[in-house]
Amino acid sequence: SLVVLFGATAGAYGAKLGSDERELILLVWQVVDLHSKKVGTLHKSLVKADNLDLSDQCREVSGLTPEGLGKAEPLDRVLQQFNQLVSSDLKVLGRSSYTLCCDGQLLIRQVLHPETSKKNFLLSDCFYSFYDLRKEFHTCYPSSAAVKDQTIKTMAEYLGLGTDETEEDFGVWQVKTMVAIIFSMLSESCNHIFTEPETVKYKYETGPCSKSETVDSETVIRARGLPWQSSDQDIARFFKGLNIAKGGVALCLNAQGRRNGEALVRFVNSEQRDLALERHKHHMGSRYIEVYKATGEEFLKIAGGTSNEVAQFLSKENQVIIRMRGLPFTATQEDVLGFLGPECPVTGGKEGLLFVKYPDGRPTGDAFVLFSCEEYAQNALKKHKEILGKRYIELFRSTAAEVQQVVLNRYMSTPLIPTLPTPIIPVIPPPYTIATGSIRDCVRLRGLPYTAGIDDILDFMGDATGDIKPHGVHMVLNQQGRPSGDAFIQMKSADKAFMVAQKCHKKMMKDRYVEVFQCSGEEMNFVLMGGTLNRSGLSPPPCKLPCLSPPAYAAFQTAAVIPAEAALYQPQALLPTTRTPQASAAAPPTVTYYPAQAAQLYMNYTAYYPSPPVSPTTVGYIAAPPGAVAAAATATHTPLLPQPGALVRMQGLPYNTGMKEILSFFQGYQYAPDDYNGLIQLSDQARSVLQAPKEWVCL
5 SLVVLFGATA GAYGAKLGSD ERELILLVWQ VVDLHSKKVG TLHKSLVKAD
55 NLDLSDQCRE VSGLTPEGLG KAEPLDRVLQ QFNQLVSSDL KVLGRSSYTL
105 CCDGQLLIRQ VLHPETSKKN FLLSDCFYSF YDLRKEFHTC YPSSAAVKDQ
155 TIKTMAEYLG LGTDETEEDF GVWQVKTMVA IIFSMLSESC NHIFTEPETV
205 KYKYETGPCS KSETVDSETV IRARGLPWQS SDQDIARFFK GLNIAKGGVA
255 LCLNAQGRRN GEALVRFVNS EQRDLALERH KHHMGSRYIE VYKATGEEFL
305 KIAGGTSNEV AQFLSKENQV IIRMRGLPFT ATQEDVLGFL GPECPVTGGK
355 EGLLFVKYPD GRPTGDAFVL FSCEEYAQNA LKKHKEILGK RYIELFRSTA
405 AEVQQVVLNR YMSTPLIPTL PTPIIPVIPP PYTIATGSIR DCVRLRGLPY
455 TAGIDDILDF MGDATGDIKP HGVHMVLNQQ GRPSGDAFIQ MKSADKAFMV
505 AQKCHKKMMK DRYVEVFQCS GEEMNFVLMG GTLNRSGLSP PPCKLPCLSP
555 PAYAAFQTAA VIPAEAALYQ PQALLPTTRT PQASAAAPPT VTYYPAQAAQ
605 LYMNYTAYYP SPPVSPTTVG YIAAPPGAVA AAATATHTPL LPQPGALVRM
655 QGLPYNTGMK EILSFFQGYQ YAPDDYNGLI QLSDQARSVL QAPKEWVCL
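Counting the sequence shown from 1 gives a position; this note's numbering is that position plus 4.
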């Protein structure tokens, strides 16, 4: 038996049904016995929506009013009545089983499943299998219009059936016409058999994805704007009613391994993908989600992997995956199992744990855990931010794709400290310093386009570029590492700075005018360190630290440090050589190494607010050429460090940590009594704030 079903929402009608997230307001159905060609009673039920504001199209087509719908039953009650009435009609016809038959896929996939999912009640099993009358009609009559162009009216006209919709109520005519079409398909001339119904997956299936797989680009979408805590199951719920491929949800991560609010989703076919695109700007909770087309290559880049360790971990299918973050680096499998406890047993014991490690084998503090059911996973999530050792542990839902992306793409295939490409050429610059005095030989550029780079600034300066000190252009970045719209330029004299400020003030750069002010080196350093420069004077930076700008663009005898953005940061400020009372009298020659393409006079110097400019977020270490190292080594015998192992690196510091907190952390340990006076140039005000040993350097 078939149950012919028709429905309408309070919004769009026809090909856009369900695309506007409007609620269901009408259901009409009738039972059809395919063997005896008998029909049951035709039923029509109005549905009371939470929002009774009807669109103009809905009012015009359906003739329904908010007043009439206000007296109807809610959707859950209507669906209960549907099941009861269908069972009663089947009993009268002597049948026990049935399959739904609808005009297309929108009512089931785009309306009923998404709405019931949002309202948190389950649909009965009959709504997970249905016949698409349009597809069945095209199979029976191949010369008819394409499936996507079919409607109830066009199918009736093709068969020569009556098409006067005004004779019946809205919904009733549609169901009666659909029944007449079915009977025509069952006639002896066609003898059509309904054999392959459309199916809706009950739940999303997890699983690994290999980079060697072929992924059709017509089946992939990109979802943007997801809540950061969203799991693959949350995304599958957002696309409820559509069939996602096994392991087809890949959460995108940023450079730090954290979710960035995007996901790539792979569907079983292009038809499902096209329906997913209709959910553009539908809501997940209070957030709207953007849905765009993506490619199979993008999906494989995120979800693909080939590690045997990961493949073995993910070989246990239909498991719930939980990600643990913040584990002590010394944590063992026994520690993690003990933390989770007997109330949430891990699938396979130790085999259900996967620790994430850096390429050199050091633990990252992340791990993935498998649970056999939702109950165990929920028990584990209740331990979010509980303590293991001396650290609180974060727990989140995760996905197979995230496991592969974190373990393979982030940690195993990318080196911890990326190296910059060769060739490397030695440059011996004069010992220029970043000025800290009150001489107003600098200019501040405010209001730069965020896409502006060093070359744009040099073009903006015009002929005045010849008066810029070497390495005198300083781009200022905000806390997220993005351009702030500010830059500082060191000129060769105060007169040159004055002339530039007069000539370039409010000059246009990329459709924006840029303000240019004359300032001093001290004012520049305060802004680079997070302070503000305004009419009332200087406002110190939030961290109350002096500027840790390097005194010279110098380098180690063994290496130079250049950040990923090709900005130059002086390793002398990071790892100073040991000073002796006679050291200043015989300063060693400095050698700096730049990549060949970056060997230019105006180097990009950026400050990562509120961290010191000498602490970029990503640093590449470039080995100096052996000949240059040997030449530098013959010039001085000053050791790099007081003794081997005298330098420590601290990770996991709070972002607002200052030098005082670091010194307090190491209270009781011995360190050299010398201070930073020879390493950085401090004003008297700053000197009173900080007296710190030069050996403790925050990287």
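The C-beta atom is built at its ideal place from N, Cα and C for all residues, glycine as well.
### Message
Quick check: the Cα distance between residue 706 and residue 269, rounded to an integer number of angstroms?
### Response
With the chain covering only 5 through 703, there is no way to say anything about residue 706.
### Message
Using only CA atoms, which one of 13, 513 and 463 lies nearest to residue 489?
### Response
Comparing Cα positions, the closest option is 513.
### Query
Would you say the stretch 174-185 touches the stretch 285-303, given that touching needs at least three Cβ pairs under 8 angstroms?
no
### Message
Between the alpha carbons of residue 190 and residue 165, how many angstroms are there, rounded?
### Response
15 angstroms
### Task
Could you check the C-alpha separation between residue 379 and residue 122 for me, to the nearest Å?
If you take the alpha carbons of residue 379 and residue 122, they lie about 21 angstroms apart.
### Query
Nearest CA to the CA of residue 404: which residue from 325, 333 and 468?
Minimum Cα-Cα distance from residue 404 among the listed residues 325, 333 and 468 corresponds to 325.
### Message
Give me the residue from 240, 66, 530 and 406 with the minimum Cα distance to residue 280.
### Response
240
### residue 301, enclosing alpha helix (DSSP H) - first and last residue
300-307
### Query
Among 215, 272, 229 and 257, which one has its Cα closest to the Cα of residue 223?
272
### Message
Classify residue 517: buried if its beta carbon has 16 or more other beta carbons within 10 angstroms, exposed otherwise.
### Response
exposed
### Task
Kindly indicate which three-state DSSP category residue 156 falls into: helix, strand or coil?
The answer is helix: DSSP assigns residue 156 an H, G or I state.
### Where residue 202 falls: helix, strand or coil (DSSP)
strand
### Task
Could you check the C-alpha separation between residue 458 and residue 258 for me, to the nearest Å?
Approximately 26 angstroms, taken between the alpha carbons.
### Local Cβ density within 10 Å of residue 22, reported as buried at 16 or more and exposed below that
buried
### Message
For the structure I just gave you, are there three or more beta carbon pairs, one from the stretch 337-349 and one from the stretch 365-378, closer than 8 angstroms?
### Response
yes
### Residues sharing a beta bridge with residue 225, DSSP
Answer by DSSP bridge pairing, in chain order: 269 and 297.
### Query
Relative to the alpha-carbon of residue 176, which residue among 395, 664, 400 and 45 has its alpha-carbon at the smallest distance?
45
### Task
Indicate whether residue 308 and residue 221 have their beta-carbon atoms separated by less than 8 angstroms.
no
### Task
Report the three-state DSSP secondary structure of residue 335 (helix, strand or coil).
coil
### Query
What is the residue span of the beta strand (DSSP E) that residue 396 lies within?
395-401
### Task
Quick one: which unbroken alpha helix (DSSP H) runs of 4-plus residues sit fully inside the stretch 495-529? Chain order, please.
Correct list: 498-508.
### Query
Where does the unbroken beta strand (DSSP E) through residue 390 begin, and where does it stop?
390-392
### Query
Using the rule of at least 16 other Cβ atoms within 10 Å of the residue's Cβ for burial, across every protein chain shown, is residue 321 buried or exposed?
Exposed, because fewer than 16 other Cβ atoms sit within 10 Å of the Cβ of residue 321.
### Query
Closest by CA to residue 109, which one among 447, 90 and 20?
20
### Message
Three Cβ pairs or more, each shorter than 8 angstroms: is that satisfied between the stretch 119-133 and the stretch 69-87?
### Response
yes
### Query
According to DSSP, what are the bridge partners of residue 33?
9 and 47
### Host beta strand (DSSP E) of residue 474 (start-end)
Taken as a continuous stretch (DSSP letters only), the beta strand (DSSP E) holding residue 474 covers 472-481.
### Other residues of its chain near residue 569: CB distance less than 6 angstroms, five sequence neighbours each side excluded
At residue 569, the pLDDT of 37 sits below 50, so the modelled position is not reliable and the matter cannot be decided from this model.
### Message
Between residue 201 and residue 69, how many whole angstroms is the CB-CB distance? I'm expecting something under 8 angstroms.
### Response
About 36 angstroms separates the two Cβ atoms, so there is no contact after all.
### Task
Please look up how many angstroms separate the CB atoms of residue 211 and residue 232, rounded, as I've assumed it's under 8 angstroms.
With 8 angstroms as the limit, residue 211 and residue 232 do not qualify as a contact, their Cβ atoms being about 24 angstroms apart.
#### Entry: DSSP beta-bridge partners of residue 189
In the DSSP output, where bridge partners are listed per residue, residue 189 has none listed.
### Query
Between 505, 528, 526 and 101, which lies nearest to residue 519 when the distance is taken from Cα to Cα?
505
### Message
Considering Cα atoms alone, identify which of 174, 471 and 8 is closest to residue 62.
### Response
174
### Task
Compute the Euclidean distance between the alpha carbons of residue 7 and residue 107, then round it to the nearest angstrom.
Going from the Cα of residue 7 to the Cα of residue 107 covers about 12 angstroms.
### Message
Contact between the stretch 82-101 and the stretch 34-51 is defined here as three or more beta-carbon pairs at a separation below 8 angstroms; is this criterion met?
### Response
yes
### Straight-line Cα distance separating residue 74 from residue 228
36 angstroms
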